[in-house]
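Presented below is the structure to which this report refers.
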Amino acid sequence: MRFDSDYRMLIDGQLVEANETLEVINPAHGTAFARCPRASRDDLETAVQAARRAFKGWKKTPIEDRRAALKKASALIMENADAFASLFTKEQGRPTALAKEEIMGAAYWLASTADLDLPVDITEDTDHRRIEVHHEPLGVVCAIVPWNFPMLLASWKIAPSLLTGNTIVLKPSPFTPLCTLKLGELLREVFPPGVMNIISGGDELGPWMTSHQGFSKISFTGSTATGKRVMESAARDLKKVTLELGGNDAAVVLPDVDVDKVTEHLFNGAFANTSQICVATKRLYVHEDVYDAVRDRMHQLAKAAAVGDGSDQGNMFGPIQNKAQYERVLELLEDARKSGLTLLQGSDVPGEGYFIPLTIVDNPPENSRVVKEEAFGPVLPMMKFRDIDEVIGRVNDTDYGLAGSVWSADIERAREIASDMESGTIWINQNLQSTPLTPITGHKQSGIGSENGVYGLREFTQPKAIYIPKSADSVA
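Just so you know, this note's numbering puts 746 at position 34 of the sequence shown, and the rest follows in order with no gaps.
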């Protein structure tokens, strides 16, 4: 199987080209290096109808067979991890070693989710009756995956969809379609025709999918603004939705920390994947007693970080993934400069491609754009605080509530602060952690529903209560 050409969609078990194609840009250079299919409405219709036909058999397939298929898919991904990683870097920009971590993570998620179970719940079991609550598949899942973690987040949708007996039509971002299309080619023989379909396309494809009456559920990961449009579209025929959306995630650093020990973790939590992570630290609140020391150490790390083409060995951080996001981050930085804010920037970046220096904004006002808006790029506002109650108010003064972290030598104190933070995930003395067993849930405008673990499985099912008499003569 070649990874450097022949990018085709998977529809009803067949590899399919489209009448039109889209350019795929290498963000390290800003130039096209490949083309992918641009699905038409007919392509979408074919995929949906194939998934609907396949659902009838797949939902009746024993769950052990569905588990086995997911584990086979996991093994095939691991066998091809190096080829996936090389292609991933070209289309997404992340350094290849870190790209491989995502590929292996996707394989791990498929296999780990396959081991989950969603047992029948017994709500009553008396002498005269038993009440069982079964969790049944919904039908065809519309899965829309973003460009920041194209393989991992695809696995977060594929695994629970297929394990619970649904079929799926998955759309990767038009900025990062290639690895996902190759995933479809690789897994073509693992799942029966129509069970997993992968189609690529332009900006028009997402709205076509979310408004299509053939889907029973939409699983979307992306911005809050787009998530609202997805929900509005789904409301027309009451599709179920899971939305994992934006965040303006805060970290709170108490004065009792070991500065040298925690700062590298803070740095990675803010700048990993060039800050293109929904749960990355996007606001850093540091107690005034250690603020200067943490700021200076963060700046040192930024100046020492190698930023460049992810295909070149030694580079730790790649480009912004696409031109539109690159221009948004540049505009936010320009606003900060015009507002007279102090920017502490890291090492020089290449002159071509979508590169931005790792940037710390030194103690900006709480009402500045750089604090209020999610940059989704390597721009970190760092603010002083003195009083814990006051800073918790600042942390919670946002429309978002995805993740956050607390850093302290006093774990119990940190737990108290975590309980007051309005976010779906709070880490204590760690960050960017997730497991296939633990839900990720957005509070406020950071999302609806959960992903991962049993909580995530339930999102792809509907409960059915069955009242069973203990004898044929029993009448309630």
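We put the beta carbon where it would ideally sit given N, CA and C, even for glycine.
- CA-CA distance, Ser-1146 to Ser-873, rounds to 19 angstroms.
- The stretch 1109 to 1127 makes no contact with the stretch 1018 to 1029: fewer than 3 CB pairs, one atom from each, lie closer than 8 angstroms.
- Per DSSP, Val-969 has no beta-bridge partner at all.
- As computed with DSSP, Asp-1074 is found in a beta bridge with Met-1094.
- If you check the CB distance, Val-942 and Leu-955 come in under 8 angstroms.
- In the three-state scheme derived from DSSP, where H, G and I count as helix and E and B as strand, Leu-899 is classed as coil.
- Below 8 angstroms, too few C-beta pairs join the stretch 833 to 848 and the stretch 758 to 765 to call them touching: fewer than three.
- Between Ile-910 and Met-721, the C-beta gap is smaller than 8 angstroms, which places the two residues in contact.
- Looking only at Ser-1120, Glu-1124, Asn-985 and Glu-1134, the smallest Cα-Cα distance to Gly-1105 is reached by Glu-1134.
- Per DSSP, Gln-1037 lies in no beta strand (DSSP E) segment; the continuous alpha helix (DSSP H) that holds it begins and ends at 1035 to 1050.
- The residue from Gly-926, Glu-916 and Gln-925 with its alpha-carbon nearest to that of Thr-938 is Glu-916.
- For Lys-784, DSSP records no beta bridge to any residue.
- The continuous alpha helix (DSSP H) containing Ile-1129 extends over residues 1123 to 1132.
- Beta-bridge annotation (DSSP): His-1155 is paired with Gly-1113.
- Beta-bridge partners assigned by DSSP to His-846: Lys-1176.
- For Pro-872, the enclosing alpha helix (DSSP H) starts and ends at 862 to 875.
- Counting C-beta pairs with one atom in each stretch, the stretch 1149 to 1157 and the stretch 1174 to 1182 have fewer than three that are closer than 8 angstroms, which means they do not touch.
- The Cβ-Cβ distance between Ala-1048 and Val-1082 falls below 8 angstroms.
- Within the model, the alpha-carbon separation for Asn-1141 versus Glu-1128 is close to 14 angstroms.
- It is roughly 9 angstroms from the alpha-carbon of Ala-780 to the alpha-carbon of Val-902.
- Taking each of Lys-771, Val-728 and Leu-1044 in turn and checking the Cα distance to Pro-904, the smallest one comes out for Lys-771.
- Around Met-1028, the same chain offers Pro-807, Ala-1017, Ala-1018 and Val-1019 as residues with beta carbons nearer than 8 angstroms, after the five sequence neighbours per side are excluded.
- Between Phe-887 and Asn-738, the C-beta spacing is not below 8 angstroms.
- Linking Glu-791 to Ile-856 through their CA atoms gives a straight-line distance of about 26 angstroms.
- Assigned with DSSP and collapsed to three states, Lys-894 falls in helix.
- Under DSSP, Lys-952 shares a beta bridge with Lys-929.
- Counting the other Cβ atoms within 10 Å of the Cβ of Glu-1171 gives 16 or more, which makes it buried.
- Rounded to the nearest whole angstrom, the CA to CA distance from Ala-823 to Gln-988 is 26 angstroms.
- In the three-state scheme derived from DSSP, where H, G and I count as helix and E and B as strand, Lys-1015 is classed as helix.
- The C-beta distance from Asn-878 to Phe-767 rounds to 7 angstroms, short enough to meet the 8 angstroms contact threshold.
- For Gln-726, the enclosing beta strand (DSSP E) covers residues 726 to 728.
- Between Val-1002 and Asp-968, the alpha-carbon positions lie close to 8 angstroms from each other.
- The beta carbon of Ala-746 sits closer than 7 angstroms to those of Tyr-719, Val-736 and Leu-890, all from its chain and outside the five residues before and after it, given in chain order.
- C-alpha of Thr-975 to C-alpha of Lys-1050: approximately 29 angstroms in a straight line.
- Checking the DSSP bridge columns, you'll see Tyr-997 partnered with Val-964 and Met-1095.
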